[in-house]
Amino acid sequence: MKRPAELRDVSFLYSPQQTKIAMLNIVLFGPPGSGKGTQAAKLVEKYNLVHLSTGDIFRANIKGETELGKLAKSYMDKGQLVPDEVTVDILKSEASKYADAKGFIFDGFPRTTFQAEELDKYMSSRNTSITLMLSLEVNEEELKTRLLLRGKDSGRPDDQNPEVIQKRIDVYNKETAPAKEFYTKQNKYSAVNGVGAIDDIFGSLCTEIDKVN
Ligand code: B4P
Numbered sequence: 002m003k004r005p006a007e008l009r010d011v012s013f014l015y016s017p018q019q020t021k022i023a024m025l026n027i028v029l030f031g032p033p034g035s036g037k038g039t040q041a042a043k044l045v046e047k048y049n050l051v052h053l054s055t056g057d058i059f060r061a062n063i064k065g066e067t068e069l070g071k072l073a074k075s076y077m078d079k080g081q082l083v084p085d086e087v088t089v090d091i092l093k094s095e096a097s098k099y100a101d102a103k104g105f106i107f108d109g110f111p112r113t114t115f116q117a118e119e120l121d122k123y124m125s126s127r128n129t130s131i132t133l134m135l136s137l138e139v140n141e142e143e144l145k146t147r148l149l150l151r152g153k154d155s156g157r158p159d160d161q162n163p164e165v166i167q168k169r170i171d172v173y174n175k176e177t178a179p180a181k182e183f184y185t186k187q188n189k190y191s192a193v194n195g196v197g198a199i200d201d202i203f204g205s206l207c208t209e210i211d212k213v214n
């Protein structure tokens with residue numbers, strides 16, 4: 002039997018919603034030293050995702066003495082954020098190298114609301130979206146202890162100076178923490194206790210991911 006035209010709705014064939022590519026795209030968020038890099042390494046392995054850390058990209062450029070590295074170093078050594086435009090461009094160009102990725106872990110990006118907006122636009126251009134922002138909650142004293150400890154072993158200049166560490170924490174509170182709102186409004190924000198054993202924290206993160214994956 003032929004159905005009336007109004008019931009034959011084929012708009013779904015053309016709707017961008019329907020052509021969305023199923024990916025698991027996680028934003029790992031939290032203050033400096035909260036365990037983003039530590040947990041990202043574990044999550045990448047478990048969920049088979051591409052790990053993009055803007056901090057790692059900048060450090061690799063500093064090591065390679067590139068122009069980007071020189072620029073990034075001038076901000077990182079002072080505990081400041083590298084300017085948005087530079088960071089967004091480098092992130093997009095890195096992500097674009099992985100056309101077949103099953104998903105991404107964005108570690109340390111976005112760090113401002115502007116970066117969050119730009120990341121959303123970029124994900125839309127790939128017909129996908131951010132699945133979840135996972136935020137690691139760690140108190141300030143613990144952050145300072147961890148970073149100074151890492152500074153002793155790693156030689157990272159930004160981890161060796163208590164004033165630079167304080168500046169990074171202040172910048173996080175002022176410029177980065179407000180980006181949570183962007184994901185809260187989209188019902189994509191989830192906070193996890195970042196103090197305790199690394200494996201226990203990893204378990205909590207996986208529980209949150211498995212709720213939406
Ligand atoms: P990042 O490289 O992102 O570094 P981070 O925030 O300092 O460290 P992270 O949070 O990953 O460290 P982790 O906890 O794993 O940024 C460095 C700088 O780059 C920024 O200050 C900024 O200048 C620039 N930058 C980066 N991204 C940017 C952006 N999007 N926009 C603008 N500028 C940007 O590790 C900390 C230590 O804690 C480790 O030693 C680890 O072993 C330890 N640890 C981890 N979990 C633990 C636990 N549960 N218990 C005890 N210790 C733990």
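Just so you know, this note's numbering puts 147 at position 146 of the sequence shown, and the rest follows in order with no gaps. Note that CB positions come from ideal geometry on N, CA and C, so glycine has one too.
The nearest non-hydrogen atom of the ligand B4P is less than 7 Å from the C-beta of GLY56.
The C-beta of SER97 has fewer than 16 other C-beta atoms within 10 Å across all chains shown, which makes the residue exposed. A straight line joining the alpha-carbon of GLY204 with that of THR55 spans about 24 Å. Looking from the CA of ALA192, the closest CA among ILE106, GLY31 and ASP57 belongs to GLY31. The region 154–201 is shown to contain whole beta strand (DSSP E) runs of 3 or more residues at 190–194, in chain order. For the alpha helix (DSSP H) assignment, the uninterrupted runs of no fewer than 4 residues enclosed by the region 103–147 are, from N- to C-terminal side, 114–126.
The bridge partners DSSP lists for VAL89 come to none. DSSP links SER54 through a beta bridge to ASP108. The residue among LEU150, LYS37, LEU92 and SER130 with its C-alpha nearest the C-alpha of GLN161 is LEU150. In summary, GLY156 is exposed, with fewer than 16 beta-carbon neighbours lying within 10 Å of its beta-carbon over all protein chains present. If you draw a straight line from the Cα of GLY80 to the Cα of LYS168, it comes to about 6 Å.
VAL28: member of the beta strand (DSSP E) spanning 25–30, first to last residue. When the five nearest sequence neighbours on each side are left out, the beta carbons in the same chain lying within less than 6 Å of the beta carbon of HIS52 are those of ALA41, VAL45 and ILE106, in order along the chain. At least one heavy atom of the ligand B4P lies closer than 7 Å to the C-beta of LEU150. Using a cutoff of 7 Å, the CB of SER94 does not count as near the ligand B4P, since none of the ligand's heavy atoms is closer than that.
When C-alpha distances from LYS93 are compared across ARG60, TYR123 and GLU68, the shortest belongs to TYR123. Residue state for LEU82 is assigned as coil, using DSSP reduced to three classes. Under the criterion of beta carbons closer than 8 Å, ASP159 and MET77 qualify as touching, at roughly 5 Å.
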